[in-house]
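Worksheet for the structure shown next.
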Amino acid sequence: MKRMVLKTTAVSVGALAFLSMPLNAQERVIKIDGSSTVYPITEGIAEEFQKAKKGTVKVTVGISGTGGGFKKFCAGETDISNASRPILKKEMEGCKKNGVEYIELPVSYDGLAVVVNPRNNWAKCLSVEQLKEIWKPESQGKTFMWSDLDPSWPKEAIKLCGAGSDSGTFDYFTEAIVGKAKSSRGDYTASEDDNVLVNFASREKGSLCYFGLAYVEENKGKIKPVAVKNPQTGKCVLPSLKTVQSGEYQPLSRPLFIYVNKKSMETKPEVKEFVEFYIKNAGKISKQVGYIPLPEKFYPEVLNRAQQMKTGTVFGGEPEVGLTVEELVKRELKK
C-alpha cells in the first residue's frame, strides 16, 4: 500500500511539473523574425509587452533580414515577420503554397542613409547617378577612387559596405538607386546586421555605406550621413526625421511593416493581444528609437485592419520606391 501511495505521489508531482513548466514555456511564445531595420521598434515594443504580461508571455525577435524572415514566415515557422519593404510575388506564392494567410500592417516610416566616415570632409552630396555607377553589377571588381566621382576630391579608394542580400534594405536600395531590386555588385562588405555596417563605416576612412536612418541617429559622431540629390527637385537633402516625413528626402524613404500570420491571430490569444499592443504603441516607440511615426489618426485604421483580420497586401508584389507617408496612408485607407 505504501508503495502505491509513493507511486501515485510521484505521478502527481510529475504531472504538476509538466503543467507548470513545459506547457507554459512552449505555448506562450510569440516568434518574430525578419528585418534588422524594423528590429529596434519590435524589440522595444516586445520588452514593454513582456513587462506588462509579467513574464507569462515570451517574445523572441530575430534579425535574419526581410527576405530571410519571409522564408520562415511563409513556411509557418513564425507568427510575425518584420519587413522593411512590402511582400514580393515569390514570397506571396510561398505563403499561398503553405496555406499561410497574412495581415499586412504598416507601423512606421524610415529613410535609408548613405554614410561616410567622419574624417571624410569632402563628400557633402551624392547624386543617384553617382551612387548607381558605384553599385551597379557592371562595376563588380572595379575599385573607385573618390576623385572618380569629383576631380576635386582626394585620390583615395572607396571602401563599400551595405545590406546583405536577404535584407529588405538591400532590395529597396538597389531598386531606388540601380533601378532593379537585387541588382548590385557583390564585392562589398555585406551584413543583415546594421551594427556591423556602422562599425565598418566608423573604422574605414574611405568608407561609403548605406543602412537605416535610425542607426545613424543612434551612432552620431561615429559615422556621417551624406546628402542625396533629389532627382525631381535637384536639391541636396540630408536624411532626417523631418525630411523623410515631409517627402523631401527621395528616393530613399520607405514604409516599414509587420506581417501577421492570420492563423496565429485566430488560435493564439497572446499574438492577437501583442499585435494590438504593438499598434497602440508603434508611434511612441518608433519615435524613441529614431523612426518616423505614421500620422496619429492613421493608427486606429491599422488597428481596425488587424482586428478585422483583413488579409493580403495593397502592393502588387513588385518593389516600389519614393512612396511618401501621405501616399502610403491614402493607399492603405482604400483597401
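Under this note's numbering, the sequence shown has 432 at position 118, and the numbering climbs by one with no breaks.
The beta-carbon is built from N, C-alpha and C at its ideal position, and this holds for glycine as well.
Problem set entry | Local Cβ density within 10 Å of Q559, reported as buried at 16 or more and exposed below that | The residue given as residue 559 occupies position 245 in the sequence shown. With 16 or more Cβ atoms within 10 Å of its Cβ, Q559 is classed as buried.
For this session: Name the one or two DSSP bridge partners that M459 has.
Result: By one-based count along the sequence shown, residue 459 stands at place 145. Residue pairing by DSSP places M459 opposite A471 in a beta bridge.
Exercise. Just curious, the beta strand (DSSP E) that T392 is in, first and last residue?
Worked result: Numbered from its first residue, the sequence shown carries residue 392 at position 78. Per DSSP, T392 belongs to no beta strand (DSSP E) and is neither H nor E.
Exercise. Is T351 helix, strand or coil by DSSP?
Worked result: Numbered from 1 along the sequence shown, position 37 holds the residue referred to as residue 351. Note: T351 maps to coil in three-state DSSP.
Exercise. Ends of the beta strand (DSSP E) at Y613?
Worked result: Translated into positions along the sequence shown, residue 613 becomes position 299. According to the DSSP assignment, Y613 belongs to no beta strand (DSSP E) but to the alpha helix (DSSP H) extending over 613–622.
For this session: Give me whichever residues DSSP pairs with R568 in a beta bridge.
Result: As a working mapping, residue 568 is identified with position 254 in the sequence shown. R568 is bridged to D424.
Exercise. So which of L552, K576, V635 has the shortest CA-CA distance to I394?
Worked result: The sequence position of residue 394 within the sequence shown is 80, counting from 1. The residue with the shortest Cα to Cα distance from I394 is K576.
Problem set entry | Same chain only: Cβ atoms within 8 Å of K496, ignoring 5 sequence neighbours per side | Your numbering for residue 496 matches position 182 in the sequence shown. If we look at K496 and ignore the five residues flanking it on each side, its Cβ neighbours are S479, F484, D485, T488.
Exercise. Taking the continuous alpha helix (DSSP H) assigned at F484, which residues delimit it?
Worked result: Along the sequence shown, read from residue 1 onward, the residue named residue 484 stands at position 170. Segment 482–487, the alpha helix (DSSP H) holding F484.
Problem set entry | Spatial neighbours of L642 in its chain, beta-carbon cut-off 7 Å, leaving aside the 5 residues before and after | Here residue 642 refers to the residue found at position 328 when the sequence shown is read from its first residue. Correct list, in chain order: P420, P569.
Exercise. What is the rounded straight-line gap between the Cα of P551 and the Cα of E447?
Worked result: If you number the sequence shown from 1, residue 551 lands on position 237. If you number the sequence shown from 1, residue 447 lands on position 133. In the sequence as presented, Pro is not what sits at residue 551; that position holds Val. C-alpha separation (whole angstroms): 20 Å.
Exercise. Between which two residues does the beta strand (DSSP E) carrying K543 extend?
Worked result: Stepping through the sequence shown from its first residue, residue 543 is reached at position 229. Per DSSP, the unbroken beta strand (DSSP E) holding K543 starts and ends at 538–543.
Problem set entry | Neighbourhood of K438 by C-beta distance below 8 Å, restricted to the same chain and skipping five residues each side | Locating residue 438 in the sequence shown gives position 124, counting from the first residue. Cβ within range, chain order: V540, A541, C550.
Exercise. From T374 to K345, what distance separates their C-alpha atoms?
Worked result: Translated into positions along the sequence shown, residue 374 becomes position 60. Translated into positions along the sequence shown, residue 345 becomes position 31. Computed Cα separation, rounded: 5 Å.
Problem set entry | Where the beta strand (DSSP E) containing Y592 begins and where it ends | To locate residue 592, count along the sequence shown from 1; it is residue 278. Taken as a continuous stretch (DSSP letters only), Y592 belongs to no beta strand (DSSP E), being part of the alpha helix (DSSP H) at 583–602.
Exercise. Skipping 5 residues on each side, what residues in its chain have a beta carbon closer than 6 Å to that of P260?
Worked result: Nothing about residue 260 can be reported from this structure: the residues present for the chain run from 315 to 649 only.
Exercise. Does the stretch 590–604 come within contact of the stretch 348–357, defined as at least 3 CB pairs closer than 8 Å?
Worked result: yes
Problem set entry | Cutoff 8 Å; reference E632; Cβ partners in own chain excluding five residues on either side | Within the sequence shown, residue 632 is the residue found at index 318, counting from 1. Within the same chain, E632 has close Cβ partners L402, K403.
Exercise. Which word fits P465, buried or exposed, when buried means at least 16 other C-beta atoms lie within 10 angstroms of its C-beta?
Worked result: Position 151 of the sequence shown, counted from the start, is the residue given in the question as residue 465. Exposed: under 16 other Cβ atoms inside 10 Å.
Exercise. If you compare alpha carbons, which of E531, P545, F571, N544 is closest to L555?
Worked result: Numbered from 1 along the sequence shown, position 241 holds the residue referred to as residue 555. Selected option, being the one with the closest Cα: E531.
Exercise. What's the C-alpha gap between S567 and E640?
Worked result: Along the sequence shown, one-based indexing puts residue 567 at 253. Along the sequence shown, one-based indexing puts residue 640 at 326. Distance between the alpha carbons of S567 and E640 is about 12 Å.
Exercise. How far does the beta strand (DSSP E) with V492 in it reach, from first residue to last?
Worked result: Indexing the sequence shown from 1 puts residue 492 at position 178. Segment: none, V492 is in no beta strand (DSSP E) and carries neither H nor E.
Exercise. Using CA coordinates, which residue listed in E407, G476, V371, E518 is at the minimum distance from L426?
Worked result: By 1-based counting over the sequence shown, the position of residue 426 is 112. Nearest C-alpha to L426: G476.
Problem set entry | Endpoints, the alpha helix (DSSP H) within which G561 is located | Position 247 of the sequence shown, counting from 1, holds the residue named residue 561. Run containing G561: none; DSSP gives neither H nor E here.
Exercise. Leaving out the 5 sequence neighbours to the left and right, which residues in its chain are closer than 8 Å to K650 when beta-carbon positions are compared?
Worked result: An answer regarding residue 650 cannot be provided, because it is not within the stretch 315 to 649 covered by the chain.
Problem set entry | Status (buried if at least 16 other CB within 10 Å, exposed otherwise) for G630 | Start at 1 with the first residue of the sequence shown, and residue 630 comes out as number 316. Label assigned to G630: exposed.
For this session: Report the residue from I593, G636, Y605, P607 whose alpha carbon sits nearest the alpha carbon of E615.
Result: The sequence position of residue 615 within the sequence shown is 301, counting from 1. When each option's Cα is compared against that of E615, the closest is I593.
Exercise. Could you check where the beta strand (DSSP E) with S516 kicks off and where it finishes?
Worked result: Along the sequence shown, one-based indexing puts residue 516 at 202. Element bounds for S516: not the beta strand (DSSP E) but the alpha helix (DSSP H), 508–517.
Exercise. How would you call D424, buried or exposed, if buried means at least 16 neighbouring beta carbons within 10 angstroms?
Worked result: On the sequence shown, residue 424 is found 110 positions in, with the first residue counted as 1. It counts as buried.
For this session: Determine the DSSP secondary structure at F525, reduced to helix, strand or coil.
Result: Looking up residue 525 in the sequence shown gives position 211. Correct three-state label for F525: strand.
Exercise. Expressed to the nearest angstrom, what Euclidean distance is found between the alpha-carbon atoms of V589 and N595?
Worked result: Within the sequence shown, residue 589 is the residue found at index 275, counting from 1. Within the sequence shown, residue 595 is the residue found at index 281, counting from 1. Near 10 Å, if we compare the C-alpha coordinates of N595 and V589.
Exercise. Exposed or buried, what is M335 when buried is set at 16 or more other beta-carbons lying within 10 Å of its beta-carbon?
Worked result: Residue mapping note: residue 335 aligns to position 21 of the sequence shown, counting from 1. Because the pLDDT at M335 is just 42, under 50, the model does not fix this residue reliably, and the point stays unresolved.
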